[in-house]
Amino acid sequence: MTKNEVARAEIRRPAQKRSRARFEAILDGAERLLDTLPPAAISIPAIATEVGISPPSIYHFFPEPQLVFSALAERYLKRFEERVLTDVPDNIESWQDLQTLQYRAAQKWFNEHPAARQVLLEGPAWSSDIRLQDLDSNFVTAGRSIELMTQMFVMPEIPDLHDRLVEVIVINDAIWSLSIHRHGHITDEMEEQARRARIAYSRTFLPEYLPLRAKDRPA
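Below, the structure is given as structure tokens:
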């Protein structure tokens with residue numbers, strides 16, 4: 001069993017409908033607090049006051065405040081995977097264009113969800129559990145990128161492509177996290193710096209030109 005699985009096992013996940021509703025209400029309350037407060041300032045009593053329930057009711061599901069943020073990370077990662085990068089884009093002529101569009105869609109999503117920014121882009125710095133969840137999600141996102149590239153381009157055999165794309169995500173997230181630390185969100189200027197870093201690293205394993213599949217060529 002991994003450290004991530006041990007940490008998640010400590011969360012008491014409800015089976016009954018009423019308990020599930022309370023579980024989700026606790027996460028909703030923590031999310032509202034994260035819109036204005038850093039995680040370090042959020043305690044179980046603070047969440048209890050926000051939600052309007054007793055602290056023991058929260059401790060029943062989350063013995064430690066950190067586990068609330070772990071559950072929130074799961075929620076945000078699931079939403080991110082469901083709502084970002086789900087469709088094959090139109091009018092893409094190169095892998096560079098595709099990569100830029102993918103990450104700008106992610107930038108927009110994170111900038112629209114301040115609590116998710118705190119948990120997913122800053123959380124790995126203060127939580128090993130969230131870091132592991134984030135790395136697992138990076139693996140999923142890299143796989144989705146390979147699927148899109150395979151649909152759109154004639155792909156050569158590239159050793160360890162999945163691992164290389166995970167590394168691109170890690171490079172990107174480091175720059176985005178710095179932008180959040182400095183400015184509170186992912187600025188267009190810092191996204192441009194991240195784009196340059198992504199493209200430069202990707203050129204170490206991707207050819208400069210990938211032919212489009214015939215059905216994807218612009219009219």
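If you count the sequence shown from 1, position 143 lands on 143 in the UniProt record's numbering, and the numbers rise without skipping. We put the beta carbon where it would ideally sit given N, CA and C, even for glycine.
- Here F23 is not bridged, per DSSP, to any residue.
- Judged by DSSP in its simplified three-state form, L210 adopts coil rather than helix or strand.
- C-alpha of R79 to C-alpha of H181: approximately 23 Å in a straight line.
- For the set R164, M190, S70, the Cα lying nearest the Cα of S202 is the one of R164.
- For the pair F153 and T100, the Cα-to-Cα distance works out to about 16 Å.
- Pairing E82 with Y76, the inter-Cα distance amounts to about 10 Å.
- As computed with DSSP, F153 is found in a beta bridge with L212.
- Nearest Cα to E189 within the set E50, R12, Q107, I44: Q107.
- Along the length of the UniProt domain "HTH tetR-type" (20-80), whole alpha helix (DSSP H) runs at least 4 residues long occupy 44-51, 55-61, reported in chain order.
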